[in-house]
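Below is one structure, written out as C-alpha cells; comments come after it.
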Amino acid sequence: MTTKAPTFTQPLQSVVALEGSAATFEAHISGFPVPEVSWYRDGQVLSAASLPGVQISFSDGRARLVIPTVTEANSGRYTVQATNGSGQATSTAELLVTAGTAPPNFSQRLQSMTARQGSQVRLDVRVTGIPTPVVKFYRDGVEIKSSPDFKILQEGDLYSLIIAEAYPEDSGTYSVNATNSVGRATSTAELLIQGEEEAVPAKKTKTIVSTAQISQTRQARIEKKTEAHFDARSLTSVEMIVEGAATQQLPHKAPPRMPPRPTSKSPTPTTAAKAQMARQQSPSPVRQSPSPVRHVRAPTPSPVR
Numbered sequence: 001m002t003t004k005a006p007t008f009t010q011p012l013q014s015v016v017a018l019e020g021s022a023a024t025f026e027a028h029i030s031g032f033p034v035p036e037v038s039w040y041r042d043g044q045v046l047s048a049a050s051l052p053g054v055q056i057s058f059s060d061g062r063a064r065l066v067i068p069t070v071t072e073a074n075s076g077r078y079t080v081q082a083t084n085g086s087g088q089a090t091s092t093a094e095l096l097v098t099a100g101t102a103p104p105n106f107s108q109r110l111q112s113m114t115a116r117q118g119s120q121v122r123l124d125v126r127v128t129g130i131p132t133p134v135v136k137f138y139r140d141g142v143e144i145k146s147s148p149d150f151k152i153l154q155e156g157d158l159y160s161l162i163i164a165e166a167y168p169e170d171s172g173t174y175s176v177n178a179t180n181s182v183g184r185a186t187s188t189a190e191l192l193i194q195g196e197e198e199a200v201p202a203k204k205t206k207t208i209v210s211t212a213q214i215s216q217t218r219q220a221r222i223e224k225k226t227e228a229h230f231d232a233r234s235l236t237s238v239e240m241i242v243e244g245a246a247t248q249q250l251p252h253k254a255p256p257r258m259p260p261r262p263t264s265k266s267p268t269p270t271t272a273a274k275a276q277m278a279r280q281q282s283p284s285p286v287r288q289s290p291s292p293v294r295h296v297r298a299p300t301p302s303p304v305r
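The C-terminal position of the sequence shown is numbered 305 in this note's numbering, with every residue numbered one higher than the one before it.
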C-alpha cells in the first residue's frame, strides 16, 4: 500500500469548561503507516506526570485527551501532533475554564441557500455557551459525521459544515444542535442543489437539431426533387415520340402498316368513330330506319332463234 502523510479529517475544537467539570479534546487522523500521536499544552509535552489525571488515547484514527476535573490552571492552548515516515500534521485549540454558566446561544444562525451541482458548499453558525456546547450537524434528522466529503470545523465560536462537492441528493433540511449542561439551542435551514439539466432552459433543448439530421433531411428532399424531374422529362419524351409517329403516318395514301398501340396518347379519331361517339353521347338518340331499296329485275333476254 502506498504511504500517506498524516491528515486531520476532523481537527481539534476549542472548549469552554465549567470549573470542576470534565474537558475533552478529540481529533480524527488518517495516514499510512499509522501515525504516532503526541499532545502539548502551550508548547510543553503533556503526560500523566505533567498533568495528573489526564487520559490520552489513540485508536482507529481517533485521538482523545480528557481532563476529568479542570481548574483555572488548566486553561491554555492544546496541540495534537501526528507523525509517520511520510510527514507530519498538527491541530491546535484552546481550553477556557470559567466559574460561570450560560446556555447555548446562536449569534449567527444557519442560512438557507441554493448552489450548483459540483460546487463547494459551506454552512456556518456561531454558538456561545458555558460550558462549551457540544455542536452537531444534521440533515433531515440524521447526524452528519466529519469525513473527507463532509468536514466539520471549529474556529473559536464559529462552527462550519463544508461539503467538498455538492450533488442534488445533498439537498434537504439542515440543522445544528448546540447542547451543554444548562441548555440546548437549534438552528435550521434549507439547502437546494441544482442538477446540470436544470441549468439549460427547456425551450432550447426542444429546438436543438444535430447537423447530421439537417444534412439527411436536405439530401432526402434533393433526391425526391431529382426523381420527380426525371419522371416528368421521361413522360414528355414518350408523348413527343408518339405524337411525331402519328403525324408522319397521316399523309400516306396507301393503307399504312398498322402502327403499334401508343402508350400515352391515342391518335385522332376518324369520322366514323366521331359519329359513333356522338350517337352514344346524345341524350335522346333517334333511331333512323334505313332507306327502302327497290329491287328491279332485269329483263330476261329473248332466246335467239
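For glycine and all other residues, C-beta sits at the position ideal for the given N, C-alpha and C.
As the structure is a prediction and not an experimental result, all values here were calculated from the model.
For the structure I just gave you, are there three or more beta carbon pairs, one from the region 56 to 69 and one from the region 114 to 126, closer than 8 angstroms?
no
Which residue spans inside the region 23 to 63 form an unbroken beta strand (DSSP E) run of at least 3?
Counting whole runs of 3 or more residues, the region 23 to 63 contains the beta strand (DSSP E) stretches 23 to 32, 36 to 41 and 55 to 59.
Taking the alpha-carbon positions, what's the A164 to S146 distance?
12 angstroms
Within a Cβ cutoff of 6 angstroms, which residues of the same chain sit near Q194, ignoring the five residues on either side of it in sequence?
R116
On a CA-only basis, which of V142, E26, L96 and P103 is nearest V80? Give me that one, please.
E26
Helix, strand or coil: how does DSSP classify P168 here?
Secondary structure of P168 (DSSP, three-state): helix.
Which term fits Q88, buried or exposed, when burial requires 16 or more other beta carbons within 10 angstroms of its beta carbon?
exposed
So, using beta-carbon positions, are T3 and S86 closer together than 7 angstroms?
yes
Buried or exposed: which applies to Y167, given that a residue is buried once 16 or more other Cβ atoms fall within 10 Å of its Cβ?
exposed
Could you tell me the alpha carbon to alpha carbon distance between V142 and E169, rounded to whole angstroms?
14 angstroms
Looking at the structure shown, is A89 part of a helix, part of a strand, or coil, going by DSSP?
The answer is strand: DSSP assigns A89 an E or B state.
When DSSP labels each residue in this structure, what does T7 get in the three-state scheme?
T7 falls in the strand class under three-state DSSP.
Is S112 buried or exposed, if buried means 16 or more other CB atoms sit within 10 Å of its CB?
Of the other Cβ atoms in all chains shown, fewer than 16 fall within 10 Å of the Cβ of S112; this residue is therefore exposed.
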